[in-house]
Amino acid sequence: MNHAQMVALGRMLRVLGESGDELRGDTPEEALHEIRADLKRALDLLEESTGPAPTTRCSQHPYGPVDKAAPDGCLLCETRRRSNHRSAYRDRWGGAPADEAGDRPTPVPSRYGIAADTPEPMVRWRPEAWSGQAWQLCGTPRRDQREAELFLAACRRKADRAAAYRLVRESTSFEVVRMWGEPIVVRPETGGGL
Numbered sequence: 221m222n223h224a225q226m227v228a229l230g231r232m233l234r235v236l237g238e239s240g241d242e243l244r245g246d247t248p249e250e251a252l253h254e255i256r257a258d259l260k261r262a263l264d265l266l267e268e269s270t271g272p273a274p275t276t277r278c279s280q281h282p283y284g285p286v287d288k289a290a291p292d293g294c295l296l297c298e299t300r301r302r303s304n305h306r307s308a309y310r311d312r313w314g315g316a317p318a319d320e321a322g323d324r325p326t327p328v329p330s331r332y333g334i335a336a337d338t339p340e341p342m343v344r345w346r347p348e349a350w351s352g353q354a355w356q357l358c359g360t361p362r363r364d365q366r367e368a369e370l371f372l373a374a375c376r377r378k379a380d381r382a383a384a385y386r387l388v389r390e391s392t393s394f395e396v397v398r399m400w401g402e403p404i405v406v407r408p409e410t411g412g413g414l
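Residue numbers for the sequence shown follow this note's numbering, so the first one is 221 and each next one is one higher.
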């Protein structure tokens with residue numbers, strides 16, 4: 221039920237309440253028909269604002285799949301409870317039982333795949349320049365090593381070139397592949413001291 225439906229239903233019920241307060245033994249027939257029409261409109265509003273009845277008694281998954289054996293009728297929560305129970309059993313007794321040859325059974329691939337199925341991490345080549353205090357990114361990281369090296373060669377030919385450049389292979393970790401120049405630490409100048 222959205223806010224507008226809730227406001228309209230509340231207004232309709234207030235009107236019905238006021239009409240109910242005015243009822244007496246000598247209420248005219250027209251007023252009763254008007255109350256009946258208001259009551260019908262309130263029921264129609266309620267009918268269109270409510271959805272289907274919940275299938276489970278679960279607060280997290282009221283419309284989820286049903287498990288008749290679960291205490292709250294929710295298959296999703298019952299599956300989670302069962303898997304927690306099984307993992308506690310495996311942890312306590314050292315994993316799944318071994319077969320006759322003494323080998324542990326191979327694990328069943330999960331729905332998310334196994335580690336060997338995951339793709340290689342994306343490799344990028346990051347050009348960096350020495351600013352005098354730290355290495356700073358001096359261009360867009362590139363997917364091609366040759367393109368990154370050509371970019372650094374062009375940077376080294378500029379008039380306002382840095383003291384040193386390096387190319388960093390960026391993947392799951394960072395690895396300095398090649399370095400040009402000498403990174404010398406430059407102390408910041410104090411304003412006015414000679």
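In this text, a Cβ means the ideal position worked out from N, Cα and C, and glycines have one as well.
None of these values were measured; they are calculated from a predicted model.
Cutoff 6 Å; reference residue i; Cβ partners in own chain excluding five residues on either side
i, result
"residue 298", "287 and 290"
"residue 366", "none"
"residue 218", "There is no way to answer for residue 218, as the model of the chain reaches only from 221 to 414."
"residue 397", "387 and 389"
"residue 278", "292, 294 and 297"
Outcome for residue i when other beta-carbon atoms lying within 10 angstroms are tallied against a minimum of 16
i, result
"residue 388", "buried"
"residue 348", "buried"
"residue 382", "buried"
"residue 226", "exposed"
"residue 403", "buried"
"residue 300", "exposed"
"residue 265", "buried"
"residue 276", "buried"
Nearest neighbour of residue i, chosen from the options [CA to CA]
i, options, result
"residue 343", "260, 353, 368 and 352", "368"
"residue 407", "391, 352, 364 and 362", "352"
"residue 223", "270, 258 and 239", "270"
"residue 405", "245, 251, 350 and 239", "350"
"residue 274", "268, 265 and 284", "284"
Three-state secondary structure (DSSP) of residue i
i, result
"residue 342", "coil"
"residue 395", "strand"
"residue 388", "strand"
"residue 260", "helix"
"residue 382", "coil"
"residue 286", "strand"
"residue 273", "coil"
"residue 401", "strand"
"residue 349", "strand"
Sequence-distant residues of the same chain with beta carbon closer than 7 Å to residue i, five excluded per side
i, result
"residue 233", "262"
"residue 359", "347 and 371"
"residue 363", "344"
Same chain only: Cβ atoms within 8 Å of residue i, ignoring 5 sequence neighbours per side
i, result
"residue 400", "372, 376, 384, 385 and 386"
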